[in-house]
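Participant: Counting along the sequence shown from 1, when you hit position 29 you're at 248 in the working numbering, and nothing is skipped either side.
The beta-carbon is built from N, C-alpha and C at its ideal position, and this holds for glycine as well.
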Amino acid sequence: MTDGDESRLYPNRGRRGGSGDDRTVDESAGDGRAGNRASVSRRGLLAGSATAGAALAGCSSGPDDGTATGTPAEGDASGDDTVFVFNTGDATVSLIDPRRDEVVATQHVGLSSSFPSNQYAPELTTAPEDPLWLNVGRGVRALAAGSLSEVARVETGSGSNWQELAPDGSTVVVSAREPAHRNLLVDADRDSGTFGEALAEIDRTDEGGRGDREGPGPCDVTVHPDGAVAYVPDLFGDTLTVLRLDPFGIETQVDVPAAEGDSGDDGNGGDADPSAPWMGTVAPSGDRLIVEHRTGTESIWDTSDPADPELLAQLTPADGLGEGALTSEVGPESRYGYVFTPGTDDVSVVDIEAGEVSGRIDLGGAAFAGTWDPGREKLYVPVQTNDEVAVIDAESRELIERIPVGAAPYGATAAQVRPEPDGSASLLAAMAAVGLDVGEAETTYCIGNCACGHRL
Numbered sequence: 220m221t222d223g224d225e226s227r228l229y230p231n232r233g234r235r236g237g238s239g240d241d242r243t244v245d246e247s248a249g250d251g252r253a254g255n256r257a258s259v260s261r262r263g264l265l266a267g268s269a270t271a272g273a274a275l276a277g278c279s280s281g282p283d284d285g286t287a288t289g290t291p292a293e294g295d296a297s298g299d300d301t302v303f304v305f306n307t308g309d310a311t312v313s314l315i316d317p318r319r320d321e322v323v324a325t326q327h328v329g330l331s332s333s334f335p336s337n338q339y340a341p342e343l344t345t346a347p348e349d350p351l352w353l354n355v356g357r358g359v360r361a362l363a364a365g366s367l368s369e370v371a372r373v374e375t376g377s378g379s380n381w382q383e384l385a386p387d388g389s390t391v392v393v394s395a396r397e398p399a400h401r402n403l404l405v406d407a408d409r410d411s412g413t414f415g416e417a418l419a420e421i422d423r424t425d426e427g428g429r430g431d432r433e434g435p436g437p438c439d440v441t442v443h444p445d446g447a448v449a450y451v452p453d454l455f456g457d458t459l460t461v462l463r464l465d466p467f468g469i470e471t472q473v474d475v476p477a478a479e480g481d482s483g484d485d486g487n488g489g490d491a492d493p494s495a496p497w498m499g500t501v502a503p504s505g506d507r508l509i510v511e512h513r514t515g516t517e518s519i520w521d522t523s524d525p526a527d528p529e530l531l532a533q534l535t536p537a538d539g540l541g542e543g544a545l546t547s548e549v550g551p552e553s554r555y556g557y558v559f560t561p562g563t564d565d566v567s568v569v570d571i572e573a574g575e576v577s578g579r580i581d582l583g584g585a586a587f588a589g590t591w592d593p594g595r596e597k598l599y600v601p602v603q604t605n606d607e608v609a610v611i612d613a614e615s616r617e618l619i620e621r622i623p624v625g626a627a628p629y630g631a632t633a634a635q636v637r638p639e640p641d642g643s644a645s646l647l648a649a650m651a652a653v654g655l656d657v658g659e660a661e662t663t664y665c666i667g668n669c670a671c672g673h674r675l
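1. Cα-Cα, which of A419, D453, D309 and L464 is closest to R432?
2. So, at 7 Å on beta carbons, what are the nonlocal neighbours of E661 in its own chain, with the 5 sequence-adjacent residues on each side left out?
3. If the criterion is Cβ atoms closer than 8 Å, does the pair A613 and A586 meet it?
4. DSSP beta-bridge partners for N402?
5. For a quick check, are the C-beta atoms of D592 and D300 less than 8 Å apart?
6. Output the distance between the C-alpha atoms of D309 and Q635, rounded to the nearest integer angstrom.
7. Per DSSP, which residues does H327 bridge with? Please list them.
8. Hey, quick one: how far does the alpha helix (DSSP H) through E342 stretch, first residue to last?
9. Excluding the 5 residues flanking A532 on each side, which residues of the same chain have their C-beta closer than 6 Å to its C-beta?
10. Okay, do the region 456-474 and the region 392-410 touch, 3+ Cβ pairs below 8 Å being the bar?
11. Would you call the region 439-446 and the region 469-480 in contact, with 3 or more CB pairs under 8 Å?
12. Determine the extent of the alpha helix (DSSP H) in which G578 is found, giving its start and end residues.
13. Quick check on DSSP: helix, strand or coil for R242?
14. Does DSSP classify A544 as helix, strand or coil?
15. What number of angstroms, rounded off, separates the C-alpha of E470 from the C-alpha of P493?
16. Counting C-beta neighbours from all protein chains within 10 Å, is the total for S567 16 or more, i.e. buried, or is it exposed?
17. Determine whether the beta carbon atoms of G358 and R372 lie at a separation below 8 Å.
18. Start and end of the alpha helix (DSSP H) containing S567?
19. On a CA-only basis, which of T604, F559, P437 and D406 is nearest R396? Give me that one, please.
20. Should the region 635-651 be called in touch with the region 315-329, which here means at least 3 C-beta pairs below 8 Å?
21. What's the gap between the Cα of D641 and the Cα of G434?
22. Could you tell me whether the region 423-430 touches the region 406-415, where touching means 3 or more Cβ pairs closer than 8 Å?
23. Could you give the first and the last residue of the continuous beta strand (DSSP E) run that contains A652?
24. Quick one: using the 10 Å Cβ neighbour count with 16 as the cut-off for buried, is E548 buried or exposed?
25. With a 10 Å radius around its C-beta and 16 neighbouring C-beta atoms as the bar for buried, classify D527 as buried or exposed.
26. Indicate the three-state DSSP secondary structure (helix, strand or coil) for Q635 in the structure shown.
27. Under the three-state reduction of DSSP, which class applies to E348: helix, strand or coil?
28. Please state whether the Cβ-Cβ distance between T516 and A544 is less than 8 Å.
29. Identify the residues that DSSP records as bridge partners of W591: which are they?
30. Just tell me which of L530, V600 and Y555 has its CA closest to the CA of I622.
31. Classify N605 as helix, strand or coil using the three-state DSSP reduction.
32. Buried or exposed: which applies to R513, given that a residue is buried once 16 or more other Cβ atoms fall within 10 Å of its Cβ?
33. Mark A271 as exposed unless 16 or more other C-beta atoms lie within 10 angstroms of its C-beta, in which case mark it buried.
34. Could you give the C-beta distance for S368 and P628, rounded to a whole number, given that I count them as a contact under 8 Å?
35. Using the beta-carbon count (16 or more within 10 Å), is D656 buried or exposed?
36. Does D316 come out as helix, strand or coil in the three-state DSSP assignment?
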């Protein structure tokens with residue numbers, strides 16, 4: 220490979236010389252809402268007191284309707300569709316029935332996940348033994364959907380991780396940001412002799428990054444529906460990296476320019492006019508990709524040629540986008556993107572075809588992520604600051620329901636499986652809800668007010 224080829228493949232290489240201190244502190248420090256031990260809000264304390272009393276009196280189930288911290292209501296089967304909401308405030312998971320939009324159980328799992336794999340999980344997770352892939356601690360975990368018990372873990376060398384299943388469910392692609400600056404391919408096939416092991420990895424530190432960064436900061440990952448490539452926004456490299464899954468390696472990198480009129484402030488104190496892409500979602504149709512930037516920009520890309528994305532448009536708050544664009548989901552018809560903009564307590568709806576903001580949905584609180592139900596009819600958005608989940612209808616693009624959940628909900632995913640009733644886990648959830656110490660809880664990397672004990 221010639222030097223010219225190298226510069227085209229890795230356009231961010233050699234950019235270490237930026238001015239200013241470009242180092243960050245742990246963004247997950249927040250205000251101490253949650254840390255290594257469970258902490259709860261006053262709302263959670265009041266809401267949980269009744270169910271805790273029943274549980275401590277010897278009842279392993281909750282109210283007759285199966286809500287709150289009880290076991291699933293009578294008639295619910297383990298094969299029912301379920302939305303899993305991870306409550307970072309008390310290390311519990313709220314299980315929502317998307318047919319009724321009600322919490323049917325809350326279980327203490329001793330960990331939390333801010334960005335669980337949810338792009339293909341709702342359609343792939345159909346059996347109790349199928350894994351849910353989560354970012355926990357300094358790596359990636361897999362929990363069996365039917366029992367919520369750990370079945371695999373991969374340490375990445377970083378506390379900021381993102382992971383996504385391939386469309387066929389055979390592998391998981393992982394981005395491990397600083398200090399690791401790695402991408403990994405993990406075996407996700409339960410019938411494989413290497414299930415839960417890293418099959419391949421790419422050390423990307425030699426690419427460098429802005430300022431004194433030791434790498435490009437691979438941040439988030441989204442997999443193309445054809446299963447051949449994945450897209451990784453590079454926070455400190457100002458590039459979009461296309462990974463080839465087989466064989467696992469970098470296919471190409473694309474320079475990501477800052478939006479016109481953008482101040483270039485990436486929130487790190489640098490002044491090198493960065494574009495700072497950090498999250499992204501490829502549309503189900505496969506021909507469009509939307510990318511969030513730490514500068515508050517949303518970009519739209521043409522991925523008709525999956526290995527060669529082309530920039531189509533960039534949107535900023537001046538175009539009607541909410542503030543603090545963080546993550547996104549794309550609707551079932553691939554027409555609308557739902558961008559979580561916690562800076563203005565809303566979801567910005569982007570018309571991907573028109574390249575414009577079509578409206579904003581007021582949440583009344585800050586949300587950082589969301590998930591579609593298995594039928595892709597409704598978008599479930601944990602509103603962390605309100606201890607609830609907002610439900611958005613895909614057809615009308617309107618908020619249709621609010622569901623109270625545990626303390627400080629953040630990440631969510633879905634499956635065609637409902638975990639088995641677990642009286643002990645429900646009891647611990649009830650105890651945590653009233654502020655009782657139920658032991659150490661493993662943290663997850665968040666941007667916002669959670670996991671204050673987490674380290675990169």
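Facilitator: Reading it off the structure:
1. D453
2. G329, L330, V355 and G356
3. no
4. S394 and I421
5. yes
6. 25 Å
7. T311
8. A340 to L343
9. I519 and G574
10. yes
11. no
12. First-last for G578: E575 to D581, but that is the beta strand (DSSP E), not the alpha helix (DSSP H).
13. Legend: pLDDT at R242 = 34, less than 50; position of this residue unreliable, value from coordinates given subsequently. Coil, per DSSP.
14. coil
15. 23 Å
16. buried
17. yes
18. Here S567 belongs to no alpha helix (DSSP H); instead the beta strand (DSSP E) covers D565 to D570.
19. P437
20. yes
21. 43 Å
22. no
23. Taken as a continuous stretch (DSSP letters only), A652 belongs to no beta strand (DSSP E), being part of the alpha helix (DSSP H) at G642 to A652.
24. buried
25. exposed
26. coil
27. coil
28. yes
29. L598
30. V600
31. helix
32. buried
33. Confidence is the limiting factor: at A271 the pLDDT is only 44, short of 50, which leaves the residue's position unreliable, though a coordinate-based value still follows. Burial call: buried.
34. Their Cβ separation, rounded to whole angstroms, is 22 Å, which puts S368 and P628 out of contact at 8 Å.
35. exposed
36. strand
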